[in-house]
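**Student:** Let me begin by handing over the structure; questions about it come next.
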Amino acid sequence: MSNAPQFGLNGPQSEAVLYLDGPALVLAGAGSGKTRVITQKITYMIEDRGYDPRTIAALTFTNKAALEMQERVAKLLKQPRQAKLLTVSTFHSLGVKILRQEANHLGLKDRFSIMDSDDCYSLVQDLAITTDKQLIRRIQNDISLWKNGLVTPELALRNAKDEDEAQSARIYASYVATLSSYQAVDFDDLIRLPVELFRDNETVRDKWQRRLRYLLVDEYQDTNTCQYELLKLMVTGLGKKPMFTAVGDDDQAIYAWRGASVENLANLQVDFPDLKLIKLEQNYRSTTRILQAANAVIANNPKLFEKALWSEHGLGEPIKVHAMPNDEQEAEQVAIMISADHFERKNKWSDYAILYRGNHQARVIEQALRNQRIPYTISGGQSFFDKAEIKDIIAYLRLLANQDDDPAFIRAVTTPRRGIGQSTLEVLGAFSGQWQCSLFEAVFKGGIEAKLTDRQLGPLRDFCNFINDLESRASRPGPAGSGDNAAQVLDDLMEAIHYEHYLYDTLEERAAQSRWQNVLDFVQWLKDRGRGGKDRDGEEKNVLELTQMVALMSMLEGKDEDPDAIRMSTLHASKGLEYPHVFLVGVEEGILPHKGDPDAPVETLAQRIEEERRLMYVGITRAKRTLQLTWCKKRKRGGEHVHCDVSRFIAEMQLDVGDAPPKETEVISPRERLARMKELLATPKTKEIT
DNA sequence: GCGCAAAGTATTTTT
DNA sequence: TACTTTGCGC
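Residue 1 is where the first sequence starts when you use full-length UniProt numbering, and the numbers rise one by one after that.
As structure tokens, then:
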């Protein structure tokens with residue numbers, strides 16, 4: 001196998017592209033061109049090695065990344081339309097696809113609902129009979145971690161260490177039962193259920209293995225146990241060699257809190273002994289100074305793999321750190337600095353990014369940018385599909401698809417108000433519980449007449465008849481065999497529920513207007529996809545199927561942001577992106593590193609700091625040319641100003657060491673950097689780990 | 001059953 | 001500070 005550079009790639013990159021003899025792990029440092037490797041590899045497989053694009057799956061971490069990757073492959077291909085045949089999606093979307101086709105094997109109907117985290121939150125709230133927010137979240141978290149770790153409720157209960165855990169485990173059991181009575185799944189199930197299916201049913205597993213013969217997994221360091229299990233089940237068996245490429249970077253693992261385990265990287269070598277390991281260490285993104293700082297910070301973490309990033313770009317401009325009196329000043333100063341720099345260097349606004357740890361930090365910054373009349377776009381904030389008005393509409397669609405979906409029923413039947421209130425629903429709920437049926441079914445079940453007055457039952461039955469009627473039309477194939485009736489069904493729905501009227505009735509004009517616009521955008525978005533035109537995988541989808549996809553989306557693709565605007569983003573949402581000029585704000589103890597749960601066990605404390613450090617590393621390595629950091633001496637929390645200290649990570653960047661004497665010609669070799677890093681590892685810091 | 005007003009409370013990251 | 005929950009009156 002030759003690993004001579006090809007496609008304008010460097011040695012290791014083209015090696016990663018060309019290698020198709022077995023499983024491969026590409027350790028790709030920040031900015032080392034991993035997306036290029038993946039897209040080139042797919043292109044190479046199709047055009048030079050005769051792979052059918054239908055048998056290649058690329059799994060990404062977000063829908064946005066999936067979309068981008070597909071577009072990039074389309075650009076590389078001689079026949080761009082082939083890109084549509086690929087499976088490029090998140091693990092979760094792939095899970096939906098599998099579940100939809102194999103639902104019957106799991107005792108699930110193919111029109112199952114997908115519950116979002118809010119639905120699950122309310123469910124836990126009901127089951128735990130509490131309003132304690134912290135407690136509910138803790139239980140929700142426990143359940144999610146168990147599911148991700150493939151732990152059953154029985155096992156969870158048996159292994160419970162204390163009463164708290166036992167309580168969570170008991171709720172976990174009824175949580176699972178309730179979801180199944182709703183014919184619903186949660187996010188974690190989208191991966192857990194396919195795993196169980198593939199484990200128990202070899203025929204189905206073979207079928208999918210034949211269908212998807214080669215897997216590429218991006219951001220592998222952020223996969224959890226369950227996802228790894230799915231990967232293994234999809235690539236092993238059939239007496240063939242496991243074929244996949246995983247791409248990841250242990251230094252950028254920032255989702256441990258969601259059950260991701262970096263150990264999956266190490267496990268890969270154990271589970272696949274002939275794993276080909278390829279390291280991408282040349283950075284094409286940042287200046288040497290930026291990389292130096294990033295390397296210095298991450299050197300404080302224990303290492304899984306030895307890796308040394310280097311760059312051929314020059315030393316670059318010094319990294320600046322600004323101390324600010326308070327968070328409002330911070331926001332204003334950053335806005336002013338960007339504005340000045342923008343006019344001075346004649347840069348585009350979109351060359352600048354402001355990164356922060358938590359979404360709430362965006363508020364002040366937004367205000368400051370507005371004051372300075374600087375255009376901005378926010379990514380990673382509240383998702384479009386989480387807006388109340390969108391969830392209202394989705395509730396109707398969910399109910400249309402699946403009448404066992406009680407939460408959707410409750411939401412739809414009460415929004416807009418139609419004379420059905422809490423007490424009616426309570427009676428209905430008790431009745432349905434007694435007869436083990438859904439709320440919807442209970443409305444028509446014999447005996448309900450005795451429990452409810454005509455005044456209560458009337459609107460309920462009207463509502464259910466309306467849903468039934470609409471459902472029968474939604475399920476009929478449209479004219480010309482397309483999903484064309486989707487548009488008609490949606491229009492009828494919107495017309496019948498008087499949603500616009502409801503908004504203007506309950507809200508102020510401005511708010512109602514903006515919400516109604518969102519609804520219109522959403523409906524249009526659905527219509528576009530219903531016609532089978534715009535959807536990426538080119539498959540026909542009716543409204544009901546679209547509803548399932550919508551549950552996983554967080555952004556309205558296509559509804560494009562201002563192309564020339566400053567990017568604002570959380571550090572998490574910035575992963576995989578790059579910007580010429582980066583401002584990292586709020587670099588304070590308590591924010592970055594974030595102070596977590598004060599009564600969390602001590603042994604996790606070190607690990608938590610390590611994850612925060614990786615987050616810092618991700619932030620630093622987003623910058624191509626300049627990087628500026630700010631921190632505040634005081635910050636408004638709640639109503640009061642609170643004192644803040646500068647983050648330890650600033651010192652760890654070793655700015656004074658690297659920058660003090662202006663040795664402009666200093667160029668550090670990879671070897672030298674490695675030595676430096678080892679030195680750092682050997683000195684103080686490490687003792688907290690050992 | 002519903003809407004309004006006051007008080008209380010929470011602040012990490014996301015498929 | 002902003003948002004949510006609770007309570008009360010119609």
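Where is the CB? At the ideal position from N, CA and C, for every residue including glycine.
Suppose you measure from the CA of Lys307 to the CA of Met115; what does that come to, to the nearest Å?
**Tutor:** Residue 307 sits at position 307 when you count from the first residue of the first sequence. Residue 115 sits at position 115 when you count from the first residue of the first sequence. One C-alpha to the other measures close to 41 Å.
**Student:** Using a Cβ distance threshold of 8 Å, determine whether the stretch 510-522 contacts the stretch 387-401, with at least three qualifying pairs required.
**Tutor:** Flag = yes, the stretch 510-522 and the stretch 387-401 touch.
**Student:** Short of 7 Å in beta carbon distance, which residues of its chain neighbour Ala551, apart from the five on each side in sequence? Order them along the chain.
**Tutor:** Here residue 551 refers to the residue found at position 551 when the first sequence is read from its first residue. So the qualifying residues of the chain are Ile114 and Asp116.
**Student:** Identify the residues that DSSP records as bridge partners of Ala395: which are they?
**Tutor:** To locate residue 395, count along the first sequence from 1; it is residue 395. The partner list for Ala395 (beta bridge, DSSP) is empty, contrary to what the question assumes.
**Student:** Within 10 Å of its beta-carbon, does Thr604 have 16 or more other beta-carbons around it, so buried, or fewer, so exposed?
**Tutor:** Locating residue 604 in the first sequence gives position 604, counting from the first residue. That one is exposed.
**Student:** Roughly how many angstroms separate the alpha carbons of Ala83 and Gln333, rounded to a whole number?
**Tutor:** Position 83 of the first sequence, counting from 1, holds the residue named residue 83. Position 333 of the first sequence, counting from 1, holds the residue named residue 333. Between Ala83 and Gln333, the C-alpha separation is close to 45 Å.
**Student:** With which residues is Thr245 paired in a DSSP beta bridge?
**Tutor:** Numbered from 1 along the first sequence, position 245 holds the residue referred to as residue 245. BP columns for Thr245 point to Ala24 and Leu216.
**Student:** Taking Cβ to Cβ, would you say Thr626 is nearer than 9 Å to Leu355?
**Tutor:** On the first sequence, residue 626 is found 626 positions in, with the first residue counted as 1. On the first sequence, residue 355 is found 355 positions in, with the first residue counted as 1. No, they are not a contact pair.
**Student:** What distance in whole Å lies between the Cβ atoms of Ala65 and Lys41, which are believed to be in contact at a cut-off of 8 Å?
**Tutor:** The residue given as residue 41 occupies position 41 in the first sequence. The residue given as residue 65 occupies position 65 in the first sequence. Between Ala65 and Lys41 the Cβ distance is about 16 Å, and since that is not below 8 Å, they are no contact.
**Student:** Starting from the C-beta of Asp119, find all residues in its chain whose C-beta is less than 6 Å away, skip the five residues before and the five after it, and write them out in chain order.
**Tutor:** As a working note, residue 119 is residue 119 in the first sequence. These residues qualify, in order along the chain: Pro407.
**Student:** Please indicate yes or no: does the CB of Glu588 lie closer than 8 Å to some heavy atom of the ligand NAD?
**Tutor:** The ligand NAD is not part of this structure, which contains no ligands at all.
**Student:** At what residues does the beta strand (DSSP E) containing Ser569 begin and finish?
**Tutor:** Position 569 of the first sequence holds residue 569. Per DSSP, Ser569 belongs to the beta strand (DSSP E) from Ile566 to Thr570.
**Student:** Tell me, please, which residues DSSP counts as bridged to Ser113.
**Tutor:** Along the first sequence, read from residue 1 onward, the residue named residue 113 stands at position 113. BP columns for Ser113 point to Ala184.
**Student:** How far does the beta strand (DSSP E) with Gln628 in it extend, from its first residue to its last?
**Tutor:** Walking along the first sequence from the start, residue 628 turns up at place 628. Per DSSP, Gln628 belongs to the beta strand (DSSP E) from Ala623 to Cys632.
**Student:** What is the DSSP secondary structure of Leu681, counted as helix, strand or coil?
**Tutor:** As a first step, residue 681 must be located in the first sequence, where it is residue number 681. Unreliable placement is indicated for Leu681, whose pLDDT of 40 sits below 50; no coordinate value is reported for it.
**Student:** Applying the criterion that 16 or more other CB atoms from any shown protein chain within 10 Å of the CB defines a buried residue, is Asp656 buried or exposed?
**Tutor:** Position 656 of the first sequence, counted from the start, is the residue given in the question as residue 656. Exposed: under 16 other Cβ atoms inside 10 Å.
**Student:** Could you spell out the range, first to last residue, of the alpha helix (DSSP H) harbouring Thr90?
**Tutor:** Here residue 90 corresponds to residue number 90 of the first sequence, with the count starting at 1. Per DSSP, Thr90 belongs to no alpha helix (DSSP H); it is in the beta strand (DSSP E), Thr87 to Thr90.
**Student:** In terms of alpha-carbon separation, which member of Ser647, Glu611, Leu369 and Gly596 lies closest to Pro302?
**Tutor:** If you number the first sequence from 1, residue 302 lands on position 302. Taking only the C-alpha atoms, the option nearest Pro302 is Glu611.
**Student:** How do the stretch 578-592 and the stretch 613-623 stand: do at least 3 beta-carbon pairs fall below 8 Å, yes or no?
**Tutor:** Judged by Cβ distances under 8 Å, the stretch 578-592 makes contact with the stretch 613-623, as three or more pairs qualify.
**Student:** Out of Leu503, Arg345, Gln434 and Ser32, which has the shortest C-alpha to C-alpha gap to Pro416?
**Tutor:** One-based indexing of the first sequence puts residue 416 at position 416. Nearest C-alpha to Pro416: Leu503.
**Student:** Which class does Phe583 belong to by DSSP, given the choice of helix, strand or coil?
**Tutor:** Residue numbering aside, residue 583 sits at position 583 when the first sequence is read from its first letter. If DSSP states are grouped into helix, strand and coil, Phe583 belongs with the strands.
**Student:** Please say whether Ile56 and Leu216 have beta carbons closer to each other than 9 Å?
**Tutor:** Counting from one through the first sequence, the residue named residue 216 turns up at place 216. Counting from one through the first sequence, the residue named residue 56 turns up at place 56. The answer is yes: Cβ separation under 9 Å.
**Student:** Taking all protein chains shown into account, do 16 or more other C-beta atoms lie within 10 angstroms of the C-beta of His643, making it buried, or fewer, making it exposed?
**Tutor:** The count along the first sequence starts at 1 and reaches residue 643 at position 643. It counts as exposed.
**Student:** Kindly indicate which residue of Glu47, Gly50, Ile38 and Thr43 has the alpha-carbon position closest to the one of Ile59.
**Tutor:** On the first sequence, residue 59 is found 59 positions in, with the first residue counted as 1. This sequence places Leu at residue 59; Ile is not what is there. The candidate whose alpha carbon is nearest that of Leu59 is Ile38.
**Student:** With a Cβ-Cβ cutoff of 9 Å, do Met653 and Ile319 count as a contact?
**Tutor:** The residue given as residue 653 occupies position 653 in the first sequence. The residue given as residue 319 occupies position 319 in the first sequence. Yes, these two residues count as a Cβ contact at 9 Å.
**Student:** Helix, strand or coil for Lys527, going by three-state DSSP, please let me know.
**Tutor:** Start at 1 with the first residue of the first sequence, and residue 527 comes out as number 527. DSSP places Lys527 in helix when its eight states are reduced to three.
**Student:** Taking DSSP as the reference, what is the three-state secondary structure of Tyr19?
**Tutor:** The residue labelled residue 19 in the question sits at position 19 within the first sequence. Here Tyr19 sits in coil by DSSP.
**Student:** Taking Cβ positions, are Leu369 and Ile420 nearer each other than 9 Å?
**Tutor:** Taking the first residue of the first sequence as position 1, residue 369 is located at position 369. Taking the first residue of the first sequence as position 1, residue 420 is located at position 420. The answer is no: Cβ separation not under 9 Å.
**Student:** With three or more C-beta pairs closer than 8 Å as the rule, is the stretch 22-36 touching the stretch 259-277?
**Tutor:** Judged by Cβ distances under 8 Å, the stretch 259-277 makes contact with the stretch 22-36, as three or more pairs qualify.
**Student:** Would you kindly work out how many angstroms separate the C-alpha atoms of Tyr579 and Phe649, rounded to a whole number?
**Tutor:** Here residue 579 refers to the residue found at position 579 when the first sequence is read from its first residue. Here residue 649 refers to the residue found at position 649 when the first sequence is read from its first residue. About 21 Å.
**Student:** Please check the pair Glu281 and Ser32, which I expect to be a contact at CB under 8 Å, by giving their CB distance rounded to whole angstroms.
**Tutor:** Position 281 of the first sequence, counting from 1, holds the residue named residue 281. Position 32 of the first sequence, counting from 1, holds the residue named residue 32. Yes, they are in contact, since the Cβ atoms of Glu281 and Ser32 sit about 7 Å apart, within 8 Å.
**Student:** Classify Val195 as helix, strand or coil using the three-state DSSP reduction.
**Tutor:** Here residue 195 refers to the residue found at position 195 of the first sequence. Three-state DSSP puts Val195 in a helix.
**Student:** By how many angstroms is the C-alpha of Thr131 removed from the C-alpha of residue 704?
**Tutor:** Summary: the structure shown does not reach residue 704, with the chain confined to residues 1 through 690, and so no result is reported for it.
**Student:** Looking at C-alpha atoms only, which residue of Leu155, His92 and Ser122 is the closest neighbour of Phe187?
**Tutor:** The sequence position of residue 187 within the first sequence is 187, counting from 1. Checking every option, the nearest Cα to that of Phe187 belongs to His92.
**Student:** Would a C-beta distance cut-off of 9 Å place Asp251 and Ile290 closer than the cut-off?
**Tutor:** As a first step, residue 251 is located in the first sequence; it is residue number 251 there, counting from the start. As a first step, residue 290 is located in the first sequence; it is residue number 290 there, counting from the start. Cβ atoms of Asp251 and Ile290: not closer than 9 Å.
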